[in-house]
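Numbering (the numbering used here), first residue to last: 107 to 174.
In this text, a Cβ means the ideal position worked out from N, Cα and C, and glycines have one as well.
Have a look at the structure below before the remarks.
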């Protein structure tokens with residue numbers, strides 16, 4: 107797994123993305139974070155549309171080795 111930086115996170119706003127690719131990339135961000143949390147902002151049971159908010163801090167330690 108590669109080390110991430112703040113500049114690498116802007117791809118999150120690019121769409122469309124396949125669910126599997128998005129899952130992989132969000133996982134990369136989470137694994138390279140020192141802390142993170144999630145908030146369910148809204149859910150529409152009629153349409154299935156949802157909004158979640160992820161918040162965290164990317165690790166900036168140059169010696170950081172993410173878990174395998």
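- In the structure shown, residue 120 falls within a coil segment according to DSSP collapsed to helix, strand and coil.
- Of all C-beta pairs linking the segment 140 to 157 to the segment 114 to 127, fewer than three are shorter than 8 Å, placing the two stretches out of contact.
- Note: residue 163 is bridge-paired with 141 in the DSSP secondary-structure output.
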